[in-house]
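Engineer: Sequences listed follow chains A and B, in order. So our numbering is basically just the index in the first sequence, starting at one, shifted up by 146. So our numbering is basically just the index in the second sequence, starting at one, shifted up by 48. Before we start, here is the structure in question, set down as structure tokens.
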Amino acid sequence: MTDIGRGSAARLHALRDQGRAALIGYLPLGYPDVDGSVDAALAMVDAGVDVVELGVPYTDPVMDGPTIQHAVEHALAAGTRVRDVFGAVERIAASGAPVLVMTYWNPVLRYGVGPFARDLAAAGGAGLITPDLIPDEATEWVAASDEHHLDRVFLVAPSSTPERLAMTAAAARGFVYAASTMGVTGTRAQVGDQAERLVRDTRAAGADLVCVGLGVSTAAQATQVAGFADGVIVGSALVRALLDATDAAAGRRELARVAAELAAGVGSARG
Amino acid sequence: MTGHVPPRGGSAASQGLHRAVAALGERGPLAEQMGPYFGEFGGRFVPEALVAALDELDTAYHKALADPAFGAELERLHRTYTGRPSPLTEVPRFAEHVGGRARVFLKREDLNHTGSHKINNVLGQALLVKRMGKKRVIAETGAGQHGVATATAAALLDLDCTVYMGEEDTRRQALNVARMRLLGAEVVPVRIGSRTLKDAINEALRDWVANVETTHYLLGTVTGPHPFPEMVRDFHRVIGEEARAQLAEETGRLPDAVAACVGGGSNAMGIFNAFVDEPDVRLFGFEAGGEGIDSGRHASRFSGGAPGVLHGARSYLLQDSDGQTLPTHSVSAGLDYPSVGPAHAWLHSLGRATYRPVTDTEAMDAFALLCRTEGIIPAIESAHALAGVLALGPELDSWALDHDPLILVNLSGRGDKDVSTAAQWFGLLEEDV
Ligand SMILES: Cc1ncc(COP(=O)(O)O)c(C=O)c1O
């Protein structure tokens with residue numbers, strides 16, 4: 147894994163030097179609308195989120211639970227287009243936070259892998275998180291992300307074999323995304339000990355930076371995960387704050403409150 | 049194999065087929081093509097969490113293939129439980145409507161236990177589940193036929209069973225919902241997205257990611273990530289192998305054309321596979337044309353789609369300019385799916401098989417015709433293949449055969465589940481009179 151200026155690794159390393167894990171916050175592009183999602187992401191950064199994960203809405207999000215499914219369905223119904231992601235990334239990245247785009251693979255294929263990488267880099271994006279693209283299928287994306295110096299964040303899971311952990315660590319740039327449990331996005335009462343074991347195994351397999359996501363929703367869980375991972379990835383708990391609000395402004399206030407609480411949780415972990 | 053192939057010059061089209069098959073022969077028979085890729089199609093576009101289970105399945109499957117005891121057990125079940133071999137029935141009164149002196153033979157998968165070809169694949173996978181030591185199966189279903197077959201195998205082999213079904217489909221196939229519940233399966237109506245088959249698959253995949261240690265996803269067609277397209281084809285190849293031998297016994301020849309409906313593509317692949325390396329046999333797949341390609345309300349991937357990734361495989365896909373999956377429409381729930389098995393995309397790209405749309409109306413007309421001329425009520429899915437064959441009539445002359453055209457059709461299922469749809473369509477209920 148190489149450090150590139152705008153990539154997520156530089157930020158994660160800087161935080162690590164301060165003895166801190168990063169808080170990585172997910173929001174879907176287009177909820178409640180494109181501008182609203184940019185405002186929400188900026189509010190989240192103001193409240194202490196270090197790295198933004200901006201999701202491209204997709205009709206068949208098989209790695210997402212009900213909360214994110216509902217937000218994404220709304221974003222699509224509201225007319226959100228894939229190309230809207232570039233302008234949104236540019237505006238969010240202006241805050242100084244690295245912005246990773248989370249996308250299922252078909253929208254990228256349809257746009258063209260090379261053109262997508264080019265336009266994402268031009269917008270100042272840090273790279274992609276690809277929940278349904280494994281390194282085995284990523285030849286074209288590896289070439290495009292090399293050319294445009296973009297992060298390629300692949301996932302590992304508790305079911306990954308040591309061989310696959312090593313292969314994924316070698317293919318990744320930025321960080322490796324460790325799924326805390328077997329399952330899809332959503333809030334869970336507990337973060338199991340599989341997460342800590344997976345982070346340890348992924349590092350042993352050669353990964354420098356490993357962040358943990360899926361099911362992390364409370365400050366206490368954030369503290370726990372920040373104790374063993376380089377970053378804590380939160381999605382559904384933040385999206386829920388927007389979904390439950392009566393209007394966009396109230397949604398942003400609640401989002402900022404939840405984000406600040408999570409940031410405090412991450413900050414109180416022993417480094 | 050027994051089919052006798054007379055040598056002949058043939059038309060330009062048939063020379064094209066010869067070239068396609070010859071070019072491929074260099075890479076081994078088409079019928080034995082293994083995943084993960086079929087040309088540029090197929091692969092494994094899945095969350096990493098599922099890769100270990102797919103590898104486990106691939107290993108278990110190839111071990112089973114090499115084990116004569118597995119083949120013997122599956123063969124015994126097919127003989128004593130499924131009712132194989134399924135008969136081959138010549139349908140001369142129906143064939144008159146094709147014209148061109150065509151002889152038409154139906155491969156009667158409708159007579160299998162549970163009413164369709166789906167049971168072939170389900171019993172194969174269910175035996176594998178036992179070998180892998182898993183206790184629970186999940187499945188998606190559209191028309192309900194795959195769900196019923198899975199619930200049946202789960203009852204037979206003592207497995208827990210959950211079937212995901214789009215809410216829209218639970219309504220139009222209510223009888224099959226009841227059948228699955230009678231068989232002890234849990235049926236979960238899916239209320240997100242378009243509430244049809246593709247959303248049922250999304251939910252099944254989410255369940256699988258969370259429960260993959262104990263659960264097998266018993267996928268119902270030749271789609272999905274490797275090894276499903278290859279494995280499901282292999283469990284259905286018995287259809288084509290039986291039909292080829294039966295037809296040879298009956299007529300001493302190979303068919304001139306083989307026809308099947310194509311949803312995900314399993315019944316078509318099962319019957320095509322025995323003929324795919326025979327350059328003189330034309331292969332026709334009929335997709336759901338719905339209300340017509342121009343209406344936008346259809347499920348014809350090869351007429352209206354483009355290559356893309358859905359549910360783990362790269363294949364032809366109905367998608368918009370953003371790569372979002374498009375809604376589909378068909379009078380038949382079993383053909384109402386936006387993508388298609390990658391091996392069909394491959395045969396299409398090679399020009400080895402021809403895929404054409406059949407509209408709702410054409411399918412329902414053929415449905416009625418088979419009922420009236422032959423006393424067989426087909427599944428509406430299978431009626432698409434029948435309609436496609438009726439439309440072949442005018443082009444039979446161009447095949448330049450030296451004998452009466454011989455057409456083999458996969459009658460993939462029976463129409464019991466479709467009686468209420470058909471009754472409504474034709475206005476046969478008292479309140480409609
Ligand atoms: C009777 C029948 N035929 C065909 C199909 C379509 O599936 P496939 O294309 O995999 O054969 C179905 C699916 O439900 C079916 O029930």
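The beta carbon of each residue, even a glycine, is placed where N, CA and C say it ideally should be.
Apply the 10 Å Cβ neighbour rule to L230 of chain B and answer buried if 16 or more other Cβ atoms are within range, or exposed otherwise.
Structural biologist: Translated into the one-based positions of the second sequence, residue 230 of chain B becomes position 182. Label assigned to L230 of chain B: exposed.
Engineer: Classify A215 of chain A: buried if its beta carbon has 16 or more other beta carbons within 10 angstroms, exposed otherwise.
Structural biologist: For the purposes of this step, residue 215 of chain A is identified with residue 69 of the first sequence, where counting begins at 1. Note that residue 215 of chain A is Gln in the sequence shown, not Ala. The residue in question, Q215 of chain A, is buried, as its Cβ has 16 or more Cβ neighbours within 10 Å.
Engineer: Is the stretch 256–265 of chain B close to the stretch 284–295 of chain B, with three or more CB pairs under 8 Å?
Structural biologist: Taking 8 Å as the limit for Cβ pairs, the verdict is that the stretch 284–295 of chain B does not touch the stretch 256–265 of chain B.
Engineer: Anyone know if the C-beta pair for V306 of chain B and N168 of chain B falls short of 9 Å?
Structural biologist: On the second sequence, position 258 is the one that residue 306 of chain B refers to. On the second sequence, position 120 is the one that residue 168 of chain B refers to. No, the Cβ-Cβ distance between V306 of chain B and N168 of chain B is not below 9 Å.
Engineer: Should the stretch 230–243 of chain B be called in touch with the stretch 205–212 of chain B, which here means at least 3 C-beta pairs below 8 Å?
Structural biologist: They touch, by the three-pair rule.
Engineer: Hey, L200 of chain A and I238 of chain A: beta-carbon distance below 9 Å or not?
Structural biologist: In the first sequence, residue 200 of chain A corresponds to position 54, counting from 1. In the first sequence, residue 238 of chain A corresponds to position 92, counting from 1. In contact: L200 of chain A and I238 of chain A (Cβ atoms closer than 9 Å).
Engineer: In the stretch 327–348 of chain A, which residues sit with their C-beta less than 7 Å from some C-beta in chain B, listed in chain order?
Structural biologist: So the list reads M328, G329, V330, given in the order they occur along the chain.
Engineer: State yes or no: is the beta carbon of Y172 of chain A nearer than 9 Å to at least one beta carbon in chain B?
Structural biologist: For the purposes of this step, residue 172 of chain A is identified with residue 26 of the first sequence, where counting begins at 1. Not closer than 9 Å to any Cβ of chain B, the Cβ of Y172 of chain A fails to qualify, so no.
Engineer: So does N315 of chain B have its beta carbon nearer than 8 Å to some heavy atom of ligand 1?
Structural biologist: Against the second sequence, residue 315 of chain B aligns to sequence position 267. Answer for N315 of chain B: yes, Cβ within range of ligand 1.
Engineer: Compare the Cα-Cα distances from A316 of chain A to each of A:A395, A:P261, A:F300 and report the closest residue.
Structural biologist: The residue labelled residue 316 of chain A in the question sits at position 170 within the first sequence. Checked all of A:A395, A:P261, A:F300; the closest Cα to A316 of chain A is A:F300.
Engineer: Would you say the beta carbon of H377 of chain B is closer than 8 Å to some non-hydrogen atom of ligand 1?
Structural biologist: Residue mapping note: residue 377 of chain B aligns to position 329 of the second sequence, counting from 1. False, no ligand heavy atom lies under 8 Å from that Cβ.
Engineer: For ligand 2, is there a heavy atom less than 8 Å away from the beta-carbon of E429 of chain B?
Structural biologist: Ligand 2 is absent from the structure shown, which contains only ligand 1.
Engineer: How many Å lie between L418 of chain B and T409 of chain B at the Cα?
Structural biologist: Within the second sequence, residue 418 of chain B is the residue found at index 370, counting from 1. Within the second sequence, residue 409 of chain B is the residue found at index 361, counting from 1. C-alpha separation (whole angstroms): 14 Å.
Engineer: Please indicate yes or no: does the CB of T269 of chain B lie closer than 8 Å to some heavy atom of ligand 1?
Structural biologist: Within the second sequence, the letter at position 221 stands for residue 269 of chain B. Answer for T269 of chain B: yes, Cβ within range of ligand 1.
Engineer: Alpha carbon to alpha carbon, how far is P178 of chain A from A217 of chain A?
Structural biologist: To locate residue 178 of chain A, count along the first sequence from 1; it is residue 32. To locate residue 217 of chain A, count along the first sequence from 1; it is residue 71. Rounded to the nearest angstrom, the two C-alpha atoms are 8 Å apart.
Engineer: On the premise that N321 of chain B lies in contact with A79 of chain B, defined as a C-beta separation below 8 Å, what is that separation, rounded to the nearest angstrom?
Structural biologist: Position 31 of the second sequence, counted from the start, is the residue given in the question as residue 79 of chain B. Position 273 of the second sequence, counted from the start, is the residue given in the question as residue 321 of chain B. Confirmed, about 5 Å.
Engineer: Heavy atom of ligand 1 less than 8 Å from the Cβ of T244 of chain B, yes or no?
Structural biologist: By 1-based counting over the second sequence, the position of residue 244 of chain B is 196. Incorrect: T244 of chain B has no Cβ contact closer than 8 Å to ligand 1.
Engineer: Whose C-beta lies closer than 6 Å to the C-beta of P390 of chain B among residues of the same chain, with five residues either side of it excluded?
Structural biologist: Taking the second sequence and counting its residues from 1, one reaches residue 390 of chain B at position 342. Cβ neighbours of P390 of chain B beyond the five flanking positions: F86, F89, G90, P277, A361, S363.
Engineer: In chain order, what are the residue ranges of uninterrupted beta strand (DSSP E) at least 3 long that sit wholly in the stretch 303–331 of chain B?
Structural biologist: Counting only runs of 3 or more, we get 305–309.
Engineer: Chain A beta carbons: is any one of them nearer than 9 Å to that of V388 of chain B?
Structural biologist: Working through the second sequence from its first residue, we reach residue 388 of chain B at position 340. Closer than 9 Å: no.
Engineer: Just to confirm, is the Cβ distance from E216 of chain B to R184 of chain B under 9 Å?
Structural biologist: For the purposes of this step, residue 216 of chain B is taken as residue 168 along the second sequence, with counting starting at 1. For the purposes of this step, residue 184 of chain B is taken as residue 136 along the second sequence, with counting starting at 1. Result no, Cβ atoms of E216 of chain B and R184 of chain B do not sit closer than 9 Å.
Engineer: When the Cα atoms are used, what is the spatial distance from Q164 of chain A to F321 of chain A?
Structural biologist: For the purposes of this step, residue 164 of chain A is taken as the residue at position 18 of the first sequence. For the purposes of this step, residue 321 of chain A is taken as the residue at position 175 of the first sequence. Rounded to whole angstroms, Q164 of chain A to F321 of chain A spans 18 Å at the Cα level.
Engineer: Does DSSP classify M412 of chain B as helix, strand or coil?
Structural biologist: For the purposes of this step, residue 412 of chain B is taken as residue 364 along the second sequence, with counting starting at 1. Helix, per DSSP.
Engineer: Alpha carbon to alpha carbon, how far is R179 of chain B from Y129 of chain B?
Structural biologist: Residue mapping note: residue 179 of chain B aligns to position 131 of the second sequence, counting from 1. Residue mapping note: residue 129 of chain B aligns to position 81 of the second sequence, counting from 1. Taking the straight line joining both Cα atoms gives about 20 Å.
Engineer: May I ask whether a heavy atom of ligand 1 can be found less than 8 Å away from the beta carbon of C419 of chain B?
Structural biologist: Within the second sequence, the letter at position 371 stands for residue 419 of chain B. Incorrect: C419 of chain B has no Cβ contact closer than 8 Å to ligand 1.
Engineer: M147 of chain A by DSSP, collapsed to three states: which one?
Structural biologist: Start at 1 with the first residue of the first sequence, and residue 147 of chain A comes out as number 1. Per-residue confidence for M147 of chain A stands at a pLDDT of 39, beneath the threshold of 50, marking its modelled position as unreliable; the derived number appears in the next sentence. Correct three-state label for M147 of chain A: coil.
Engineer: Entirely within the stretch 385–412 of chain B and at least 4 residues each: give me those alpha helix (DSSP H) ranges in chain order.
Structural biologist: If we require 4 residues or more, the alpha helix (DSSP H) runs fully inside the stretch 385–412 of chain B come out as 390–398.
Engineer: Is it true that the stretch 308–315 of chain B meets the stretch 266–277 of chain B, where meeting means three or more beta-carbon pairs spaced less than 8 Å apart?
Structural biologist: Short answer: they touch.
Engineer: Whole beta strand (DSSP E) runs in the stretch 351–414 of chain A with 3 or more residues, listed along the chain?
Structural biologist: DSSP runs (the beta strand (DSSP E)) wholly in the stretch 351–414 of chain A: 356–359, 377–380.
Engineer: Can you grab the Cα-Cα spacing for the pair L366 of chain B / D384 of chain B, in whole Å?
Structural biologist: For the purposes of this step, residue 366 of chain B is identified with residue 318 of the second sequence, where counting begins at 1. For the purposes of this step, residue 384 of chain B is identified with residue 336 of the second sequence, where counting begins at 1. The alpha-carbon atoms of L366 of chain B and D384 of chain B are separated by roughly 11 Å.
Engineer: Examine chain A for any beta-carbon lying closer than 9 Å to the beta-carbon of D247 of chain B, and answer yes or no.
Structural biologist: Within the second sequence, numbered from 1, the residue matching residue 247 of chain B stands at position 199. Yes, D247 of chain B lies at the interface with chain A (some Cβ there is under 9 Å from its Cβ).
Engineer: Nearest chain B C-beta to G211 of chain A closer than 9 Å, yes or no?
Structural biologist: Taking the first sequence and counting its residues from 1, one reaches residue 211 of chain A at position 65. Closer than 9 Å to some Cβ of chain B, the Cβ of G211 of chain A qualifies, so yes.
Engineer: Looking only at its own chain, which residues have a Cβ that is under 6 Å from the Cβ of T17 of chain B, when we skip the five neighbours before and after it?
Structural biologist: The question about residue 17 of chain B has no answer, for chain B in this structure spans 49 to 481.
Engineer: Within 9 Å of any Cβ in chain B, is that where the Cβ of I150 of chain A sits?
Structural biologist: The residue given as residue 150 of chain A occupies position 4 in the first sequence. Interpretation of I150 of chain A is limited by its pLDDT of 45, a score under 50 that renders its predicted location unreliable; the figure taken from the coordinates is listed afterwards. No - not a single Cβ of chain B is within 9 Å of the one on I150 of chain A.
Engineer: Which ranges does the alpha helix (DSSP H) cover as unbroken runs of at least 4 residues, wholly within the stretch 80–160 of chain B, from first to last along the chain?
Structural biologist: Listed in chain order, they are 99–113, 116–125, 140–143.
Engineer: So is A289 of chain A in contact with chain B if we call contact Cβ pairs under 9 Å?
Structural biologist: Within the first sequence, numbered from 1, the residue matching residue 289 of chain A stands at position 143. No, no contact with chain B.
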